[in-house]
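Q:
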Amino acid sequence: MFAQEHFQARPNDVLLISTPKSGTTWLKAIIFAIMKRTCYTSSTHPLLTTNPHDCVPFFEFGLFWKPPVVDVDNLPSPRIFATHIPYSSLPKTILDSGCKIVYVCRDPKDVLISMWYFLAKVRSKELPPLSLEEAVDLFSRGISGSGPFWDHVQGYWKASLECPERIFFITYEEMKRDTFWGNLSRWKRRGSGLWRKL
1 MFAQEHFQAR
11 PNDVLLISTP
21 KSGTTWLKAI
31 IFAIMKRTCY
41 TSSTHPLLTT
51 NPHDCVPFFE
61 FGLFWKPPVV
71 DVDNLPSPRI
81 FATHIPYSSL
91 PKTILDSGCK
101 IVYVCRDPKD
111 VLISMWYFLA
121 KVRSKELPPL
131 SLEEAVDLFS
141 RGISGSGPFW
151 DHVQGYWKAS
161 LECPERIFFI
171 TYEEMKRDTF
181 WGNLSRWKRR
191 GSGLWRKL
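Take the sequence shown: its letter number 87 is residue 87 in UniProt numbering, and every next letter is one higher.
Following this line, the structure appears as structure tokens:
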């Protein structure tokens, strides 16, 4: 992987990580708004006119293509990135840097249905439609671009228990149920220290 060889993480980087269709777009908007709150006026904020995916790039989609779309070494700190890479496959520089990770998990049934609808929209018209039964079978067998769902979730859950000061684990359902500011209070109660970094 190109990122394994060329990406150099910084201690103040923030990575937003999830399986696909788990709330990454929403979380990107929240984290970007908080971390860049002093960089823009309310009338010039990029989120007024720009998709959160353009404000917080994915490793997998453009950052580490050859040649890279964005020169990540010249981005000002703190940098924000997103990825669907499993914990076990993260570049060593991320694990060693002390950078912060925010992981969002979603109910697997909702991930499956959201992914099925999404794939129906982007699937080539030359291919037959993917039936719900086929989608359930593939999902159940862990056939996905980001690997088996439960392996992905458990990798970050375990890491969040081992390093709560660096890795914050939240569910999409918690985000829906509670406002973000309520979640900041929860971050404080958990003693993660990550909330101070944002």
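The C-beta atom is built at its ideal place from N, Cα and C for all residues, glycine as well.
#1: Relative to the alpha-carbon of Ala135, which residue among Asp151, Ser160 and Val111 has its alpha-carbon at the smallest distance?
#2: With the cut-off set at 8 Å, would you say Met115 and Pro78 are in Cβ contact?
#3: Per DSSP, what kind of secondary structure is Tyr172 in: helix, strand or coil?
#4: Measure from the alpha carbon of Gln154 to the alpha carbon of each residue in Phe118, Ile85, Leu119 and Pro129, then state which is nearest.
#5: Mind checking who Phe139 pairs with in its DSSP beta bridge?
#6: Quick one: give me the first and last residue of the beta strand (DSSP E) that Tyr103 is part of.
#7: Identify every residue that forms a DSSP beta bridge with Lys80.
#8: Pick from Pro11, Leu90, Leu48 and Val104: whose alpha carbon is nearest that of Pro76?
#9: For Leu132, count neighbouring C-beta atoms within 10 Å of its own C-beta (all shown protein chains included) and say buried if the count is 16 or more, exposed if not.
#10: Give me the DSSP bridge partner(s) of Ile167.
A: Judging by the given coordinates:
#1: Counting from 1 along the sequence shown, the entry for residue 135 is found at position 135. Looking at the Cα atoms, Val111 is the closest of the given residues.
#2: Within the sequence shown, residue 115 is the residue found at index 115, counting from 1. Within the sequence shown, residue 78 is the residue found at index 78, counting from 1. Contact: no.
#3: Reading the sequence shown from its first residue, position 172 is the one you call residue 172. Correct three-state label for Tyr172: helix.
#4: Position 154 of the sequence shown, counted from the start, is the residue given in the question as residue 154. The shortest Cα separation from Gln154 among Phe118, Ile85, Leu119 and Pro129 belongs to Ile85.
#5: Reading the sequence shown from its first residue, position 139 is the one you call residue 139. Paired residues: none, contrary to the question.
#6: Position 103 of the sequence shown, counted from the first residue, corresponds to residue 103. Here the beta strand (DSSP E) through Tyr103 covers Lys100 to Cys105.
#7: Working through the sequence shown from its first residue, we reach residue 80 at position 80. Note that residue 80 is Ile in the sequence shown, not Lys. Answer is Val14, bridged to Ile80.
#8: The residue labelled residue 76 in the question sits at position 76 within the sequence shown. Of the candidates Pro11, Leu90, Leu48 and Val104, the one whose C-alpha sits nearest the C-alpha of Pro76 is Pro11.
#9: The residue labelled residue 132 in the question sits at position 132 within the sequence shown. With a 10 Å radius around the Cβ and a threshold of 16 neighbouring Cβ atoms, Leu132 comes out exposed.
#10: As a position in the sequence shown, residue 167 is number 167, starting the count at 1. Beta-bridge pairing links Ile167 to Ile101.
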